[in-house]
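**Student:**
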Amino acid sequence: MDEIYMILHACFLLILCYIFSETCNMAPQNRKNCGWSGITEQECHEKNCCFDSSIRGYPWCFSPLQEIDDNEANCHF
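Now the structure itself:
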């Protein structure tokens, strides 16, 4: 029984990582700061933000892309 829970937990984490990576994949110039100078990766993730320290001169902790609801995308106001 414990094996089933471990498999389900692993699947959940994989799905979460996929969703998170999709909303964090953006050009550095489009990043909107979500933290402060010296924020750690863990602190950033606790704020539900993306973290990528590989590119200097751009925010390392930044807001994820907003997922657009199909109904919103088709709204022509």
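Letter by letter, the sequence shown follows residues -23 to -1, 1 to 54 of mature numbering (1 follows the signal peptide of the UniProt record, and there is no 0). From the three backbone atoms N, C-alpha and C, an ideal C-beta is built for every residue, glycine too.
Within the continuous alpha helix (DSSP H) that includes C21, where are the two ends?
**Tutor:** Within the sequence shown, numbered from 1, the residue matching residue 21 stands at position 44. Segment 18 to 23, the alpha helix (DSSP H) holding C21.
**Student:** Out of C1, S40, M(-18), point me to the one whose CA is closest to W13's CA.
**Tutor:** On the sequence shown, position 36 is the one that residue 13 refers to. The residue with the shortest Cα to Cα distance from W13 is S40.
**Student:** State the Cα-Cα distance for the pair Y(-6) and E(-21), rounded to the nearest angstrom.
**Tutor:** Within the sequence shown, residue -6 is the residue found at index 18, counting from 1. Within the sequence shown, residue -21 is the residue found at index 3, counting from 1. Here Y(-6) scores only 48 on pLDDT, less than 50, and its place in the model should not be relied on; the value that follows carries that caveat. Near 23 Å, if we compare the C-alpha coordinates of E(-21) and Y(-6).
**Student:** To the nearest angstrom, how far is it from the Cα of M3 to the Cα of Y35?
**Tutor:** Here residue 3 refers to the residue found at position 26 of the sequence shown. Here residue 35 refers to the residue found at position 58 of the sequence shown. For M3 and Y35, the distance between alpha carbons rounds to 12 Å.
**Student:** Apply the 10 Å Cβ neighbour rule to I32 and answer buried if 16 or more other Cβ atoms are within range, or exposed otherwise.
**Tutor:** Taking the sequence shown and counting its residues from 1, the one referred to as residue 32 is at position 55. Classification for I32: exposed.
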